[in-house]
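Since the structure comes first, as structure tokens, the remarks are kept for the end.
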Amino acid sequence: MSKQVIVVRRDVLAEERADAAAERARLAGRGTLAVNLLSSPGAGKTSLLEATAQYFQSRRTMAVLVGDLETDRDAQRLARYVPTVQLTTGGACHLELPLVKRGLVQLGDPQVDFLFIENVGNLVCPASHDLAEHLRVVLLSTTEGDDKPGKYPKMFRTSQAMVITKLDLLPHVPFSSESAVQDAQRIQPNLDVFNVCALDGRGIEEWCQYLEQQRDAMLQKRDQHP
Amino acid sequence: MHEWSFARKLLQQATGICHANGARHCLEVRVQIGPLSGIEATLLESAFEQLASDHELAPTRLVIERTPLVVRCRDCAAESELSDFDFYCRLCGGRAVQVVAGDQLQLVSVTVDDAALMIKGTT
Ligand SMILES: [Zn+2]
Chain A
1 MSKQVIVVRR DVLAEERADA AAERARLAGR GTLAVNLLSS PGAGKTSLLE ATAQYFQSRR
61 TMAVLVGDLE TDRDAQRLAR YVPTVQLTTG GACHLELPLV KRGLVQLGDP QVDFLFIENV
121 GNLVCPASHD LAEHLRVVLL STTEGDDKPG KYPKMFRTSQ AMVITKLDLL PHVPFSSESA
181 VQDAQRIQPN LDVFNVCALD GRGIEEWCQY LEQQRDAMLQ KRDQHP
Chain B
1 MHEWSFARKL LQQATGICHA NGARHCLEVR VQIGPLSGIE ATLLESAFEQ LASDHELAPT
61 RLVIERTPLV VRCRDCAAES ELSDFDFYCR LCGGRAVQVV AGDQLQLVSV TVDDAALMIK
121 GTT
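Just so you know, the protein sequences line up as chains A and B, in that order.
To convert, note that position 105 of the first sequence is 105 in UniProt numbering; the numbers rise steadily by one, no gaps.
To convert, note that position 4 of the second sequence is 4 in UniProt numbering; the numbers rise steadily by one, no gaps.
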């Protein structure tokens, strides 16, 4: 028996990343900013999207892909406002690009301003997977520990923005926004931070204007380097 | 538990490499993971072991090497090895750093037997 070592030296996700880059460019070409939303379970992704949909109502178009472990409750909530498709992960802990592409087909590949991908509630696994998003946003609710960023470095390092949710509960929980932000910016110095309360609408306008700015920047970049 | 999906990808890629080289068995798959890969080595190991046990390439051993997290400074171009997740240049203190190693699962090499078949030049 002879042995031979074949040297490879390749990122296992290289192919997926190339696929994601191609899809990202295609979406940009259609004027769609794709936003990947990540958080622990129950951090308020669906509520944030509801508030976002209400804010954009008549001025912007959007669609949502919801990755849920079992139920389609979140998808049903959002479908009242915007085109929504549930991605059935079959119990998987994160979404991958093929599932997102299938979801887009199911939506009828709409030409919308914003495509939101509500990832599975998990701060570890989704961080490794590029879903062709232009913007990765991590949500942190005030009911979670403010020490979360340090525990999930990859998630915060790969995100461009952090949204602190459930501001209304701040007086009742031992959560310090300053220390959460400080922690997160040690990992990702360029992290843009938003404080929102989907319930009373605080911070929603700033968040939505940020999304519009991000989309404008994407369109500008696209037109400069077509 | 996305280690299952990584283990599956590793086996798929190893299979492709074996086929391309005309080998029927894979003795060893060697990988590198860094602190920011998001992968738990023991979980990857057990997932791989289970998937590989009745795979056409079996018996295959997974060898995991750990690599450090390295960043490069955009200001002074120095490379720093980070021992924690405080991202700044250890030389000039600047925060504009880029990760250059330690954030991936790298497939380093695949060791095959019956490589004699390679003479057929299937690559
Ligand atoms: Zn420096």
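Think of the CB as a built atom: it goes at the ideal place given N, C-alpha and C, for glycine as much as any other residue.
This structure is a prediction, so every number in the text was calculated from the model and none was measured.
Where the alpha helix (DSSP H) through Glu-46/A begins and ends: Residue mapping note: residue 46/A aligns to position 46 of the first sequence, counting from 1. For the sequence presented, residue 46/A should be read as Thr rather than Glu. Looking at the DSSP string, the run of the alpha helix (DSSP H) that includes Thr-46/A is 45-56.
First through last residue of the beta strand (DSSP E) which encompasses Gly-67/A: Position 67 of the first sequence holds residue 67/A. Taken as a continuous stretch (DSSP letters only), the beta strand (DSSP E) holding Gly-67/A covers 62-68.
8 Å contact criterion, which Asp-67/A and Leu-87/A should meet: CB distance rounded: Numbered from its first residue, the first sequence carries residue 67/A at position 67. Numbered from its first residue, the first sequence carries residue 87/A at position 87. Correcting the residue identity first, residue 67/A is Gly in this sequence and not Asp. Contact holds; Cβ gap of about 5 Å.
Neighbourhood of Arg-72/B by C-beta, 7 Å cutoff - its chain only, sequence neighbours within 5 removed: By 1-based counting over the second sequence, the position of residue 72/B is 72. Excluding residues within five positions, the ones whose Cβ falls inside 7 Å are Glu-79, Val-97, Gln-98, Val-100.
Contact under 8 Å by Cβ, Asp-130/A with Ala-20/A: For the purposes of this step, residue 130/A is identified with residue 130 of the first sequence, where counting begins at 1. For the purposes of this step, residue 20/A is identified with residue 20 of the first sequence, where counting begins at 1. In contact: Asp-130/A and Ala-20/A (Cβ atoms closer than 8 Å).
3 or more residues per run - each beta strand (DSSP E) lying fully within the UniProt domain "CobW/HypB/UreG nucleotide-binding" (36-194) of chain A: 62-68, 84-88, 114-118, 135-141, 161-165
Pair within 8 Å by beta-carbon distance, Phe-156/A and Gln-182/A: Within the first sequence, numbered from 1, the residue matching residue 156/A stands at position 156. Within the first sequence, numbered from 1, the residue matching residue 182/A stands at position 182. No, Cβ-Cβ distance for Phe-156/A and Gln-182/A is not below 8 Å.
Any non-hydrogen atom of ligand 1 within 7 Å of Leu-91/B CB: Translated into the one-based positions of the second sequence, residue 91/B becomes position 91. Taking the Cβ of Leu-91/B as the reference point, at least one heavy atom of ligand 1 falls within a distance shorter than 7 Å.
Alpha-carbon to alpha-carbon, Leu-36/B and Arg-202/A: Your numbering for residue 202/A matches position 202 in the first sequence. Your numbering for residue 36/B matches position 36 in the second sequence. Inter-residue distance for Arg-202/A and Leu-36/B is about 34 Å (C-alpha atoms, whole angstroms).
Residue from Asp-146/A, Val-124/A, Ile-164/A, Leu-170/A with nearest C-alpha to Thr-158/A: Locating residue 158/A in the first sequence gives position 158, where the first residue counts as 1. When each option's Cα is compared against that of Thr-158/A, the closest is Val-124/A.
Residues near Tyr-81/A by beta carbon distance below 6 Å, same chain, minus five either side: Here the question's residue 81/A lines up with position 81 in the first sequence. Only Ala-53 meet the Cβ criterion.
Per-residue DSSP class, three states only, for Ala-20/A: Locating residue 20/A in the first sequence gives position 20, counting from the first residue. Residue state, collapsed to three classes: helix.
Buried/exposed call for Thr-60/B, threshold 16 Cβ in 10 Å: Taking the second sequence and counting its residues from 1, the one referred to as residue 60/B is at position 60. With 16 or more other Cβ atoms within 10 Å, it is buried.
Glu-212/A - DSSP class collapsed to helix/strand/coil: Start at 1 with the first residue of the first sequence, and residue 212/A comes out as number 212. In this structure, DSSP gives Glu-212/A a helical state, which the three-state scheme calls helix.
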